[in-house]
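Quick notes on the structure that follows.
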């Protein structure tokens with residue numbers, strides 16, 4: 001396949017979305033700090049957003065739906081990041097650390 | 109637009125706005141509690157009035173039918189009972205109580221909107237509205253006594269929650285890509301011919317993950333024990349009961365998308381049901397903290413509910429509804445006792461219930477009824493629910509599953525009854541007396557009556573649940 005045609009093919013974006021999802025999921029398991037885990041979680045949401053945009057660009061009968069969905073994901077991701085950061089600050093005040101190994105009094 | 113269609117949600121929204129204004133001033137917890145109680149009662153009344161309405165709102169993204177209105181009524185009643193159970197709100201400092209009630213109301217509003225959503229974007233927003241408020245309720249526990257486990261519980265809750273949401277969104281993007289629509293009604297017709305495609309199966313399974321997280325089904329259960337233990341008793345009473353109703357309702361709505369070609373999804377549900385039951389029951393055996401034990405028992409009960417959902421039939425759905433409603437009542441009865449017995453809102457070990465039959469006979473009886481019901485002993489609702497779930501699964505040909513579930517019921521009896529044993533056969537020496545308010549006694553008696561009535565006369569409730577579910581099929 002011509003390398004220049006890649007940018008106009010649905011599969012490129014689906015692979016990119018799936019990769020972001022995979023990186024996010026892997027990062028969630030491997031990261032040792034809460035901020036790192038939050039960034040990984042944002043990658044998962046980014047993967048879903050790319051999927052929505054790709055499907056609405058290439059397949060959907062009405063391309064606005066996917067775009068609106070992505071806008072809402074962005075808005076809610078911002079709200080979720082604000083809440084998560086506020087909880088991380090509360091954790092830091094109590095534990096003086098945001099390392100997952102230090103914050104492990106409960107046996108979950 | 110007919111305003112009555114949206115009445116219960118509007119009352120809750122108004123209540124949330126009033127609470128927001130209260131939280132801006134320096135109003136104490138008493139005023140906020142009164143406001144919330146008032147709006148909760150109005151919401152229950154309006155949900156009753158609106159029970160038989162039908163219609164669509166917001167460009168057909170929001171469907172009002174008997175199914176949604178019936179569940180909204182249960183959610184509203186559950187919300188009211190949680191408010192009464194946690195009336196003293198011992199675990200939350202007075203200066204943040206207005207915010208606490210604000211988030212509690214918003215969360216209930218989100219759950220109510222969730223059960224009416226028939227469009228993926230609406231569903232996503234309603235789910236997040238209820239989840240974000242819950243994430244914030246957990247760390248609001250009073251930390252003056254030096255307890256800091258609520259922070260740890262909260263951070264685990266939100267991080268797992270975000271991942272579950274991400275998985276659900278990723279699944280939604282596949283469903284949208286395959287069908288080009290986000291409306292559930294159109295998704296059903298367009299998914300059926302292509303159900304055998306791997307993308308459709310993976311997408312649907314990933315969408316279900318978001319609700320597995322809410323219901324605490326096996327691979328999405330990690331948050332449960334820590335959040336139950338970390339959050340204040342009153343918050344746990346809410347998290348353990350009301351959101352599960354909405355989660356089951358949404359699982360029922362989403363599983364109606366599964367067409368005959370979707371057997372891998374059904375097999376997945378079978379595996380998750382078995383894993384949830386075994387994991388929940390076996391780990392609950394060794395717990396010392398009673399809220400943690402109830403958390404693991406909640407995972408097991410999520411497995412039982414899946415038994416009804418995975419048969420994909422009207423009867424199975426109706427029994428799942430019946431069972432989760434019963435679970436709400438049984439669980440609230442147990443949490444009523446926990447909230448009342450805990451002196452300053454700290455966590456209770458199972459040993460702290462020693463001699464409860466002498467310290468407070470009524471609370472001991474409520475606890476016993478709640479635990480017997482959870483264990484599935486007749487004549488309480490837990491027995492009738494489990495019996496109907498197993499009978500239905502047997503009729504549908506899931507013999508192995510029924511045997512495994514029956515083994516699990518036997519395992520679970522041990523840890524439920526050991527709580528009753530501690531409350532009834534040990535001496536109360538060294539444990540403080542329990543002061544029980546009149547309202548608490550009244551709510552306790554009412555909960556016991558409902559547990560027994562639903563167990564003895566299941567037909568009335570089953571008929572309502574069946575006609576609610578029929579709307580979907």
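Residue numbers (my numbering), protein chains in the order written: chain A, 1 to 108; chain B, 109 to 581.
C-beta: ideal position from N, C-alpha, C; glycine also.
Everything numeric in this text was worked out from a predicted model, so none of it was measured.
Other residues of its chain near residue i: CB distance less than 7 Å, five sequence neighbours each side excluded
| i | result |
| --- | --- |
| residue 259 of chain B | 247 |
| residue 276 of chain B | 314, 315, 317 and 318 |
| residue 181 of chain B | 155, 156 and 159 |
| residue 333 of chain B | 400, 403 and 404 |
| residue 161 of chain B | 112, 113, 172 and 177 |
| residue 175 of chain B | 576, 577, 579 and 580 |
| residue 455 of chain B | 337, 397 and 399 |
| residue 130 of chain B | 139, 140, 143 and 206 |
Any C-beta of chain B under 7 Å from that of residue i
| i | result |
| --- | --- |
| residue 78 of chain A | no |
| residue 61 of chain A | yes |
| residue 15 of chain A | no |
| residue 71 of chain A | no |
| residue 28 of chain A | yes |
| residue 52 of chain A | yes |
| residue 11 of chain A | no |
7 Å Cβ cutoff, residue i in contact with chain D
| i | result |
| --- | --- |
| residue 5 of chain A | Within the model displayed, chain D is absent; protein chains A and B are what it includes. |
Which residues DSSP lists as bridging residue i, in chain order
| i | result |
| --- | --- |
| residue 165 of chain B | B/170 |
| residue 287 of chain B | Paired residues: none, contrary to the question. |
| residue 200 of chain B | B/249 |
DSSP-derived helix/strand/coil call for residue i
| i | result |
| --- | --- |
| residue 467 of chain B | helix |
| residue 256 of chain B | coil |
| residue 397 of chain B | strand |
| residue 227 of chain B | strand |
| residue 100 of chain A | coil |
| residue 33 of chain A | strand |
| residue 110 of chain B | coil |
| residue 409 of chain B | helix |
| residue 195 of chain B | coil |
| residue 62 of chain A | coil |
| residue 330 of chain B | coil |
| residue 365 of chain B | coil |
| residue 6 of chain A | helix |
| residue 420 of chain B | coil |
| residue 52 of chain B | Any question about residue 52 of chain B goes unanswered here, given that chain B covers just 109 to 581. |
| residue 524 of chain B | helix |
| residue 370 of chain B | coil |
| residue 134 of chain B | coil |
| residue 506 of chain B | coil |
| residue 384 of chain B | helix |
| residue 105 of chain A | coil |
| residue 90 of chain A | helix |
| residue 124 of chain B | helix |
| residue 82 of chain A | helix |
| residue 340 of chain B | coil |
| residue 348 of chain B | coil |
Neighbourhood of residue i by C-beta distance below 6 Å, restricted to the same chain and skipping five residues each side
| i | result |
| --- | --- |
| residue 377 of chain B | 414 and 418 |
| residue 391 of chain B | 404 |
| residue 279 of chain B | 311, 314 and 315 |
| residue 429 of chain B | 573 |
| residue 17 of chain A | 47, 50 and 51 |
| residue 326 of chain B | 380, 383, 384 and 387 |
Short CB-CB distance (under 7 Å) between residue i and chain A
| i | result |
| --- | --- |
| residue 290 of chain B | yes |
| residue 407 of chain B | no |
| residue 263 of chain B | yes |
| residue 260 of chain B | yes |
| residue 195 of chain B | no |
| residue 298 of chain B | no |
| residue 205 of chain B | no |
| residue 454 of chain B | no |
| residue 256 of chain B | yes |
| residue 564 of chain B | no |
| residue 170 of chain B | no |
Own chain residues within Cβ distance below 8 Å of residue i, not counting five before or after
| i | result |
| --- | --- |
| residue 43 of chain A | 20, 21, 23, 24 and 27 |
| residue 348 of chain B | 336, 402, 403, 406, 439 and 443 |
| residue 600 of chain B | The displayed coordinates of chain B run from 109 to 581. Any statement about residue 600 of chain B would go beyond what the structure contains. |
| residue 78 of chain A | none |
### Task
Return the chain-ordered ranges of every alpha helix (DSSP H) run that is complete within the stretch 288-325 of chain B and spans a minimum of 4 residues.
292-299 and 306-323
### Task
With a floor of 4 residues, list each alpha helix (DSSP H) that falls wholly inside the stretch 424-498 of chain B, ordered by position along the chain.
464-467 and 469-483
#### Entry: Segments assigned alpha helix (DSSP H), at least 4 residues, entirely inside the stretch 526-580 of chain B
546-564 and 566-578
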